[in-house]
Amino acid sequence: MKTLRRLRFSTVRPLRLQILDVTLGAYGAERRENKARGASGGHARRNGQQAPKGRIMILPGFVCLLSLSLSAQVTPDRIVTAAKEPQNWLTYSGSYDGHRHSRLDQINTANAHSLTAKWVYQTAATGKLETTPLVADGVLYATAQDDRAFALDARTGRPIWLYQRQLPADIRPCCGRVNRGLALLGNKVYLGTLDAHVIALDTKTGNVIWDVPAFDYRQGYSFTVAPLAVKDEIIIGVSGGEYGVRGFIDAYDAETGVRRWRFYTVPGPGEPGHDTWEGDSWKTGGAPAWNTGTYDPATDQVFWPTGNPAPSNRGEGRAGDNLYSNSLLALNASTGKLNWYFQFTRHDEHDWDATQVPVMIDANGRHLIAQANRNGFFYLLDRTTGKLISASPYGKITWSDSKDSEGRPIANQNASPTLAGNTVCPGALGTTNFMAPTYNPATSLFYVTSRDQCDTFSTAPQAYEPGHAYYGSAYFPSDEAEPYRGFLKAIDPATGQVKWQFQHTSPTWSGVLSTAGGLVFTGDAEGNFIALDAATGKPLWHFQMGGAVYAAPMAFAVDGKEYIAIAAGSAIFTFGLP
Amino acid sequence: MTHRRLLVCCLGLVSITAAQDRNPFSGNPQAAKAGASEFRINCALCHGLGARGGGRGPDLTRAQKKHAHNDADMFQIISNGIPGTAMPANGTNGQGVGMTDEEIWQIITYIRSVEVKVPARPLGDAVHGKQLFYGDANCSLCHMVEGKGGRLGPDLSGIGGARTREAITDSVRHPSHHLAWGLTESTKEFPQEYETVTVITADGTEIKGVALNEDSFSVQLMDANEQIHLLEKDKLRSFQKSRESMMPPYGQSLLTDQDLEDIVSYLISVGAK
């Protein structure tokens, strides 16, 4: 243990410097190599080859990298400039803009065919693994079911510490006892728990530094989201849209756990938007915030998406638009004050949470934000004002044939659930769901997992009871001859057009990673991890992991070697060049 | 922390002893009504609206159930699932929320309220049905019952307890209407279905069979001679998949209503016992 700690967290500078020396050498050489390959049309480089010592060029970026790594702690500035240290993955989407794009290019279209498994970590948990690991300075942090968290030697997969929360027996997680990951800041990692606590763990030991209850879990509140570390605070959104919670987004002091602000996603009496709820329905209005938002340091705004109004599949009793359900919220990160909102699906009756990662894109001097929404439309907004620029279907849709004056798709008259059942596309699981998308600035394409499936929605009235399921409707896969179809789609955000698609054998819950190596990585329900050519969608490599994928991939590097990591089955897998 | 743990522990014990012995709502019409909604939300996906069975789960209006002899059994089954079948444990199907003990009892009360004590129509002749199954109707060329028969189609030993009479009849008349479920993997959302696959191998050989399993890069199939073929898709000259079942539709000319009724009665006599 002592030795391990010294290796991973060492303050012994000579050792650290030695590791970095290798890191920089190989990485710098690969970058140059790739540049050359790109110019000439290129050939595959033999993998794992390291640059001759004498050829190491110390670039300004690397000097910066060196000092950052030596600091050993993840400062807020490091997350802001995460792109400058592509060997690390410091936040849920890899960077604040939500791109889930790695600038590592050692693994690329020319050598992806030779990828091989590097290590596997068995979590011993059962159920779905939805975690995105974080990596900082050679240590990988991730989570598993039942609020397990752990730190691994990112080079070998060997655990440094393990944490598992002792959960009450009567927790009410919606959709599996899942967790999507951690936030990392300073000497702590942050976990939202299934019993609705926010906790801070010591990065070196996993010891609990602070533990703060956010709400009464018995009423159906829980956390499954990876929190977002912003400046000196931890931002987190609640789950529980299936229990008639009143959704909120919280910010906690990263050092002490004291709550700085709470934004209720369902406005209370006297607040703007309160009149979009009938009677007392706002009290159980849902609008959870269970997926990680993004952050714009330039304007100090957090963009956080919200989920379905409750009951999820029955609009009777909650007449109105039901703000701020199924919306994107632009909040002042320091105060939690709402700057603007955009509601994707008004008065939703199909469980179309808008909790997909909002992706910041800057193009032609415009500051945009894109979301591939669960309701089947790809939305592009101006992120300064929240105004809609375009909404384009990217999957099978029957619920909307028209748009309002702002260009927002509006629901057809006959789209509501009925007692006898009404078939609507997409179904309740949506055209996409929580699976994280990726945006590759080099190809200017947005890659997202999608599904074509229609459901028959049938009303099933339920009274609200605290802590009880509160759907108000049942849904069934529609009785079509056509089976459900699942895709990876590459969307041009400028036009909303699908540039290419790769059809999976069955729909997948995997997220997507893009890399500077010209690759996109995704997983499938059959247990394959797949590398595809980002430009064409052609699969270049695959590996059978033996368990379905419900998580999103990420990339990191240690000792100058690039790794791609993905959770599948009940394990975390990493891949690299031989 | 210790206090809370003790408390949780005690509460757990109370709920276990109180919850699982006896249905607190037995015969209560309000509970049955609440249970009807819960049933639609949690159970109807497989067991059908009105509990009359679907393409996936058994008809629960039948008074005699294969796995549950009383309400306490039913509570156990809903809570823990049935290993080796598609019946999941409460809250583990990955979609939607689990049920509370109270809601489970409401559902049981609802199921009891819709049970039909007497079969809607007289059963066919199961003895004759068995003769047809292994004889003129040729069912056993592809289907096995209790260890005897073919392997190309699903084993039908339990089908009489797992599907409604109507669902079995429909599968014989229109085999492609709902393809049978095959291999179910633990973390996979959808089971494999009995799809028909036709491939041409690199050397030009055509193989037609039923998919035992498939992913984007490989396929495992069984041909009509019960040979298993394990194939990599990128090495095939062609790969075609069809939702047209390899089982021929049994129209009236192949099998009269009465003979079909007899076969279904045979399957029910085996599967529901």
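Heads up: the sequence lines are chains A and B, in that order.
The opening position of the first sequence corresponds to residue 9 in the numbering used here, with each subsequent residue numbered one higher.
The opening position of the second sequence corresponds to residue 3 in the numbering used here, with each subsequent residue numbered one higher.
A virtual CB, placed ideally from N, CA and C, is assigned to each residue, including glycine.
Shortest alpha-carbon distance to residue i belongs to which of the options?
| i | options | result |
| --- | --- | --- |
| A/Asp460 | A/Asn441, A/Pro319, A/Pro366 and A/Asp85 | A/Asn441 |
| A/Arg374 | A/Leu389, A/Asn383, A/Pro296 and A/Pro167 | A/Leu389 |
| A/Ile538 | A/Tyr100, A/Ala91, A/Asp105 and A/Ala120 | A/Ala120 |
| A/Pro469 | B/Gln242, B/Ser39, B/Asp23 and B/Ile109 | B/Ser39 |
| A/Gly8 | A/Asp361, A/Thr300, A/Ala428 and A/Ala338 | Within the shown structure, residues of chain A are numbered from 9 to 586, placing residue 8 of chain A beyond reach of any answer. |
| A/Ala177 | B/Asn140, B/Ser115, B/Lys132 and B/Asp103 | B/Asp103 |
| A/Thr164 | A/Gly577, A/Ala576, A/Ser578 and A/Lys569 | A/Lys569 |
| A/Leu112 | A/Ala576, A/Ala563 and A/Thr582 | A/Ala563 |
| A/Asp258 | A/Tyr251, A/Phe271 and A/Gly265 | A/Phe271 |
| B/Val116 | B/Asn30, B/Met224 and B/Glu263 | B/Asn30 |
| A/Ala559 | A/Thr213, A/Val246, A/Pro94 and A/Ser101 | A/Ser101 |
| A/Val246 | A/Arg268, A/Asn215 and A/His205 | A/His205 |
| A/Pro501 | A/Ile168, A/Val367 and A/His512 | A/Val367 |
Mind checking residue i: buried by the 16 CB within 10 Å criterion, or exposed?
| i | result |
| --- | --- |
| A/Val520 | buried |
| A/Asn334 | buried |
| B/Leu2 | Outside the shown range of chain B, which is 3 to 275, sits residue 2 of chain B, and nothing can be said about it. |
| A/Gly287 | exposed |
| A/Lys61 | Only weak support is given to the placement of A/Lys61: the predicted model assigns it a pLDDT of 36, under 50, and the value that follows is read from those uncertain coordinates. So A/Lys61 counts as exposed. |
| A/Pro317 | buried |
| A/Lys345 | exposed |
Given that residue i touches chain B, what residues does it touch there, using C-beta distances under 7 Å?
| i | result |
| --- | --- |
| A/Asn536 | Asp217, Ser218 and Phe219 |
| A/Tyr479 | Ile43 |
| A/His205 | Within chain B, no residue comes near A/His205; the closest Cβ sits about 12 Å away, beyond 7 Å. |
| A/His107 | Those within 7 Å of A/His107 in chain B number zero; the least Cβ separation is about 26 Å. |
Anyone know if the C-beta pair for residue i and residue j falls short of 8 Å?
| i | j | result |
| --- | --- | --- |
| A/Gly106 | A/Thr393 | no |
| A/Asp155 | A/Arg173 | yes |
| B/Ile80 | B/Ile43 | no |
| A/Tyr402 | A/Ile499 | yes |
| A/Ala380 | A/Phe454 | yes |
| A/Arg185 | A/Ala444 | no |
| A/Gln227 | A/Pro491 | no |
| A/Thr139 | A/Asn187 | yes |
| A/Asp532 | A/Val557 | yes |
| B/Asp225 | B/Ile202 | no |
| A/Gly555 | A/Ser578 | yes |
| B/Leu198 | B/Met146 | Note on residue identity: the sequence assigns Thr, not Leu, to residue 198 of chain B. No, they are not a contact pair. |
| B/Gly131 | B/Tyr268 | yes |
| A/Leu339 | A/Val365 | no |
| A/Gly255 | A/Ala297 | yes |
| A/Phe581 | A/Ala125 | yes |
| A/Trp269 | A/Thr343 | yes |
What in chain A is Cβ-close to residue i, meaning under 9 Å?
| i | result |
| --- | --- |
| B/Lys190 | Ser514, Ala533, Glu534, Gly535, Gly555 and Ala556 |
| B/Leu158 | Under the 9 Å cutoff, chain A gives no residues; its nearest Cβ is about 23 Å from B/Leu158. |
| B/Leu47 | Ala482, Tyr483, Phe484 and Pro485 |
Taking just the CA atoms, how far does residue j sit from residue i?
| i | j | result |
| --- | --- | --- |
| B/Ile265 | A/Pro235 | 59 Å |
| B/Gly162 | B/Tyr136 | 16 Å |
| B/His71 | B/Arg114 | 12 Å |
| B/Pro60 | B/Arg167 | 10 Å |
| A/Ser514 | B/Ile170 | 26 Å |
| B/Pro85 | B/Phe219 | 30 Å |
| A/Phe484 | A/Ser320 | 15 Å |
| A/Asp261 | A/Thr89 | 21 Å |
| A/Asp409 | A/Ala327 | 22 Å |
| B/Asn92 | B/Gly52 | 20 Å |
| B/Gly50 | B/Ala34 | 17 Å |
| A/Ala383 | A/Pro313 | Before going further, note that residue 383 of chain A is Asn rather than Ala in the sequence given. In a straight line, the C-alpha of A/Asn383 is about 14 Å away from that of A/Pro313. |
| B/Leu214 | A/Glu279 | 58 Å |
| A/Phe583 | A/Asn96 | 16 Å |
| A/Asn215 | A/Leu496 | 40 Å |
| B/Gly55 | B/Arg64 | 10 Å |
For residue i, decide whether its Cβ has a neighbour in chain D, counting only Cβ atoms nearer than 8 Å.
| i | result |
| --- | --- |
| B/Ser115 | The structure shown contains no chain D; its protein chains are A and B. |
Under 9 Å Cβ-Cβ, which residues of chain B neighbour residue i?
| i | result |
| --- | --- |
| A/Lys404 | Chain B residues near A/Lys404: none, gap ~17 Å exceeds 9 Å. |
| A/Lys546 | Those within 9 Å of A/Lys546 in chain B number zero; the least Cβ separation is about 12 Å. |
| A/Gly577 | Ser188 and Thr189 |
| A/Lys497 | Ordered by position in chain B, no residue passes the 9 Å Cβ test against A/Lys497, which lies about 16 Å from the chain. |
So which residues of chain A does residue i contact, with C-beta pairs closer than 8 Å?
| i | result |
| --- | --- |
| B/Ser39 | Ala468, Pro469 and Gln470 |
At 7 Å on the CB atoms, spell out the chain A contacts of residue i, in chain order.
| i | result |
| --- | --- |
| B/Thr102 | His476 |
Check the Cβ of residue i against every Cβ in chain B and list those closer than 8 Å, keeping chain order.
| i | result |
| --- | --- |
| A/His550 | Ser218 and Phe219 |
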